[in-house]
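J.:
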Amino acid sequence: MAAIDKVLIVGGGVAGMSCAIQMRKRGIEVDLIDIDANWRSYGAGITVTGPTLRALQTIGVLNEVTAAGATWNNMKVLNQAGEYLTDVQLAPLAADLPATGGIMRPVLHRILSAKTVALGARVRLATTLTDLTDAGDQVQASFSDGSTSRYDLVVGADGIFSRLRERIFPQAPKPTFTGQVIYRVVAERPPGFDCTHFFMGADSKVGFNPVSPTHMYMFLLHRAEGDPRIDPARQPEALYAAMQGFGGFVPQVRETVRTTNAHSVNYRLLEVLLMPSPWFEGRVVLIGDAAHATTPHLASGAGMAIEDGLVLVEELAAQATVPEALDRFMQRRFERCRLVIENSVELGRLEMEHGSPMVHANLMASTMQTLRQPI
Ligand SMILES: Cc1cc2nc3c(=O)[nH]c(=O)nc-3n(C[C@H](O)[C@H](O)[C@H](O)COP(=O)(O)OP(=O)(O)OC[C@H]3O[C@@H](n4cnc5c(N)ncnc54)[C@H](O)[C@@H]3O)c2cc1C
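Every number in my numbering is 5 more than the matching position in the sequence shown, counting from 1.
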């Protein structure tokens with residue numbers, strides 16, 4: 006095992022928490038800081054694909070996630086009117102794993118944060134880094150609360166707009182807008198709804214996934230036109246307009262997005278970022294969206310972030326030195342994360358350019374198949 010006794014994790018999202026949990030299981034001292042005083046996660050749903058469920062099983066939270074969320078094994082592809090096009094069957098990765106699942110983000114956050122704290126990670130909120138100094142085999146960190154400490158490794162898990170990335174890699178690429186925007190909303194499941202549904206419009210797409218026995222989340226993706234910024238107060242009305250023309254059960258949900266479900270409408274521009282390899286410099290390494298942020302097209306960004314934490318800790322345990330462990334980490338992570346980002350961007354391009362729904366479904370299915378491989 007590489008000589009690692011004490012680690013700083015910057016950012017307590019899924020990447021930082023998963024890494025902290027795995028490190029604590031190996032007895033490594035962990036300080037985890039998050040800039041958010043309330044350690045919040047916003048109220049949308051999230052899909053946890055087969056590989057993500059496998060990673061959550063390794064972390065030890067699979068049963069809690071499936072009990073609080075929903076699981077299923079099929080994806081229905083429909084046209085804009087709601088007429089059936091095809092089904093994609095999703096097979097479980099192992100006999101003791103569901104094929105795929107969904108959960109509310111705050112519920113997943115609650116499960117992971119409880120485990121992080123229970124295993125003894127020292128969590129400090131409303132705290133960020135103010136300085137980092139290379140001290141040979143250690144890094145000296147200064148914090149916004151005025152304290153300082155030395156660490157054997159610093160893990161940057163501070164998300165797509167990572168300040169740590171800017172500090173360590175000033176030349177790193179910036180997040181790029183893909184041209185699409187997304188709306189999300191949480192609604193009650195209609196009778197009989199029990200799996201993913203995609204409604205493929207000409208240049209937009211509406212999808213639904215279960216997140217609990219009673220609820221589902223919807224997302225609507227379309228090409229941005231003009232200035233894509235929309236004042237939050239206007240977002241429910243804009244979503245209502247964007248949902249026009251879709252059939253099936255979409256009109257039923259549409260009637261709720263300005264009224265009963267308006268509070269859960271979430272809107273954002275889709276941005277991607279892929280740091281070139283390596284994602285480390287000396288004793289500082291980036292994981293999760295800080296190194297590779299994707300769009301939701303393959304519902305795998307959080308899965309990749311969780312896997313990063315697992316693989317990093319596995320390699321620290323398996324290799325004799327920190328540099329060897331970080332090299333091995335890169336070898337195991339780069340191509341997999343690149344595949345997710347590039348194919349997600351391609352799926353978005355197909356949607357924006359009126360691509361064939363069947364080509365879209367096939368690319369999605371073949372990528373999901375590749376992601377089933379062991380990590
Ligand atoms: C619209 C959309 C839908 C998505 N849907 C899915 C999906 O269905 N399934 C899926 O697997 N993935 C999905 N993703 C991707 C997924 O949300 C991200 O990949 C995942 O949340 C990344 O986790 P993270 O921990 O790396 O970063 P984040 O979740 O962004 O967490 C970063 C943490 O760092 C903290 N922080 C930020 N700056 C600082 C600082 N300076 N100092 C200290 N702390 C800091 C933040 O407060 C936060 O807690 C989606 C993404 C988008 C945009």
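We put the beta carbon where it would ideally sit given N, CA and C, even for glycine.
Could you check where the beta strand (DSSP E) with residue 179 kicks off and where it finishes?
T.: One-based indexing of the sequence shown puts residue 179 at position 174. Per DSSP, residue 179 belongs to no beta strand (DSSP E) and is neither H nor E.
J.: Hey, would you say the C-beta of residue 75 is under 7 Å away from at least one heavy atom of ligand 1?
T.: Numbered from its first residue, the sequence shown carries residue 75 at position 70. Checking every heavy atom of ligand 1 against the Cβ of residue 75, none is found closer than 7 Å.
J.: Suppose contacts are defined by Cβ-Cβ distances below 8 Å. Is residue 227 in contact with residue 176 by that definition?
T.: The residue you call residue 227 lines up with position 222 of the sequence shown. The residue you call residue 176 lines up with position 171 of the sequence shown. No; because the gap between Cβ atoms is not below 8 Å, this pair is not in contact.
J.: Beta-carbon separation of residue 58 and residue 95 under 8 Å?
T.: Walking along the sequence shown from the start, residue 58 turns up at place 53. Walking along the sequence shown from the start, residue 95 turns up at place 90. No, the Cβ-Cβ distance between residue 58 and residue 95 is not below 8 Å.
J.: Helix, strand or coil for residue 134, going by three-state DSSP, please let me know.
T.: In the sequence shown, the residue the question calls residue 134 occupies position 129. Strand, per DSSP.
J.: Any idea which residues DSSP pairs residue 34 with across the strands?
T.: Here residue 34 refers to the residue found at position 29 of the sequence shown. Beta-bridge pairing links residue 34 to 11.
J.: Out of 221, 211 and 280, point me to the one whose CA is closest to residue 252's CA.
T.: Within the sequence shown, residue 252 is the residue found at index 247, counting from 1. Of the candidates 221, 211 and 280, the one whose C-alpha sits nearest the C-alpha of residue 252 is 211.
J.: Considering only the beta carbon of each residue, do residue 160 and residue 64 sit closer than 8 Å?
T.: Here residue 160 refers to the residue found at position 155 when the sequence shown is read from its first residue. Here residue 64 refers to the residue found at position 59 when the sequence shown is read from its first residue. No, they are not a contact pair.
J.: Enumerate in chain order the residues of its own chain whose CB-to-CB distance from residue 156 is below 7 Å, with the five nearest sequence positions on each side excluded.
T.: Position 151 of the sequence shown, counted from the start, is the residue given in the question as residue 156. Closer than 7 Å at Cβ, skipping near neighbours: 11, 12, 13, 143, 144 and 146.
J.: For ligand 1, any of its heavy atoms closer than 7 Å to the Cβ of residue 57?
T.: As a first step, residue 57 must be located in the sequence shown, where it is residue number 52. Result yes, Cβ under 7 Å from ligand 1.
J.: Kindly identify the DSSP beta-bridge partner or partners of residue 50.
T.: Residue mapping note: residue 50 aligns to position 45 of the sequence shown, counting from 1. According to DSSP, which records beta bridges pairwise, residue 50 is partnered with 109.
J.: Any heavy atom of ligand 1 within a distance shorter than 7 Å of the CB on residue 133?
T.: Here residue 133 is taken as the residue at index 128 of the sequence shown, counted from 1. Yes; taking the cut-off as 7 Å, the Cβ of residue 133 has a heavy atom of ligand 1 nearer than that.
J.: Measure the C-alpha to C-alpha separation of residue 320 and residue 8 and round it to an integer number of angstroms.
T.: Within the sequence shown, residue 320 is the residue found at index 315, counting from 1. Within the sequence shown, residue 8 is the residue found at index 3, counting from 1. So the two alpha carbons sit approximately 12 Å from each other.
J.: Sort out for me which residues DSSP pairs residue 205 with in a bridge.
T.: By one-based count along the sequence shown, residue 205 stands at place 200. Residue 205 is bridged to 84 and 210.
J.: Following the continuous alpha helix (DSSP H) through residue 332, name the residue where it begins and the one where it ends.
T.: For the purposes of this step, residue 332 is taken as the residue at position 327 of the sequence shown. First-last of the alpha helix (DSSP H) with residue 332: 327 to 357.
J.: What three-state label does DSSP hand residue 260 in the structure shown?
T.: What you label residue 260 is simply residue 255 of the sequence shown in a count that begins at 1. In this structure, residue 260 counts as coil in the three-state DSSP scheme.
J.: Can you name, in chain order, every residue of its own chain whose Cβ lies under 8 Å from the Cβ of residue 288, other than the five neighbours on each side?
T.: Working through the sequence shown from its first residue, we reach residue 288 at position 283. Counting only Cβ-Cβ distances below 8 Å, and skipping sequence neighbours, we find 139, 142, 143, 144, 156, 157, 158, 159 and 327.
J.: Is it buried or exposed, residue 367, if we count other Cβ atoms within 10 angstroms and call 16 or more buried?
T.: Here residue 367 is taken as the residue at index 362 of the sequence shown, counted from 1. So residue 367 ends up on the exposed side.
J.: Taking only the alpha-carbon atoms, compute the straight-line gap between residue 360 and residue 263 and give it to the nearest angstrom.
T.: Taking the first residue of the sequence shown as 1, we reach residue 360 at position 355. Taking the first residue of the sequence shown as 1, we reach residue 263 at position 258. Cα to Cα, residue 360 sits roughly 31 Å from residue 263.
J.: Can residue 127 be considered in contact with ligand 1, in the sense that its beta carbon sits closer than 7 Å to one or more heavy atoms?
T.: Within the sequence shown, the letter at position 122 stands for residue 127. For ligand 1, not one heavy atom lies less than 7 Å from the Cβ of residue 127.
J.: Would DSSP call residue 104 helix, strand or coil?
T.: Here residue 104 refers to the residue found at position 99 when the sequence shown is read from its first residue. Coil at residue 104, not helix or strand.
J.: Within 7 Å: the Cβ of residue 279 and any heavy atom of ligand 1?
T.: Counted from its first residue, the sequence shown places residue 279 at position 274. No - ligand 1 has no heavy atom lying nearer than 7 Å to the Cβ of residue 279.
J.: In terms of alpha-carbon separation, which member of 172, 268 and 315 lies closest to residue 29?
T.: Your numbering for residue 29 matches position 24 in the sequence shown. The shortest C-alpha separation from residue 29 is found at 315.
J.: Which residue's Cα is closest to the Cα of residue 223: 242, 207, 239 and 194?
T.: Position 218 of the sequence shown, counted from the start, is the residue given in the question as residue 223. If we check each option's Cα against that of residue 223, 194 comes out closest.
J.: Decide if residue 318 is buried, meaning its Cβ has at least 16 other Cβ atoms within 10 Å, or exposed.
T.: Looking up residue 318 in the sequence shown gives position 313. Result: buried.
J.: Taking all protein chains shown into account, do 16 or more other C-beta atoms lie within 10 angstroms of the C-beta of residue 364, making it buried, or fewer, making it exposed?
T.: For the purposes of this step, residue 364 is identified with residue 359 of the sequence shown, where counting begins at 1. Exposed: under 16 other Cβ atoms inside 10 Å.
J.: Checking 8 Å against the spacing of the C-beta atoms, do residue 300 and residue 183 come in under that value?
T.: Reading the sequence shown from its first residue, position 295 is the one you call residue 300. Reading the sequence shown from its first residue, position 178 is the one you call residue 183. Yes, Cβ-Cβ distance for residue 300 and residue 183 is below 8 Å.
J.: So the beta strand (DSSP E) residue 94 belongs to, where does it begin and stop?
T.: Here the question's residue 94 lines up with position 89 in the sequence shown. Looking at the DSSP string, the run of the beta strand (DSSP E) that includes residue 94 is 89 to 94.
J.: Runs of 4 residues minimum, wholly inside the region 237 to 314: which ones carry the alpha helix (DSSP H) assignment?
T.: Fully enclosed alpha helix (DSSP H) runs of 4 or longer: 240 to 247 and 255 to 259.
J.: At a threshold of 7 Å, does residue 168 count as lining ligand 1 (C-beta to nearest heavy atom)?
T.: By 1-based counting over the sequence shown, the position of residue 168 is 163. Within the cutoff, so yes.
J.: Once the 5 residues before and after residue 40 are set aside, which same chain residues still bring their CB inside 6 Å of it?
T.: For the purposes of this step, residue 40 is identified with residue 35 of the sequence shown, where counting begins at 1. Taken in chain order, the residues that qualify are 133.
J.: Among the candidates 85, 55, 120 and 112, whose CA atom is the shortest distance from the CA of residue 100?
T.: The residue labelled residue 100 in the question sits at position 95 within the sequence shown. Selected option, being the one with the closest Cα: 55.
J.: Report the option in 379, 338, 117 and 98 whose CA atom is closest to the CA atom of residue 44.
T.: Here residue 44 corresponds to residue number 39 of the sequence shown, with the count starting at 1. Selected option, being the one with the closest Cα: 117.
J.: Under 8 Å between the Cβ atoms of residue 362 and residue 90?
T.: One-based indexing of the sequence shown puts residue 362 at position 357. One-based indexing of the sequence shown puts residue 90 at position 85. Contact: yes.
J.: Using 10 angstroms around the beta-carbon of residue 188, count the other beta-carbons present and answer buried if the total reaches 16, otherwise exposed.
T.: As a working note, residue 188 is residue 183 in the sequence shown. Buried, because 16 or more other Cβ atoms sit within 10 Å of the Cβ of residue 188.
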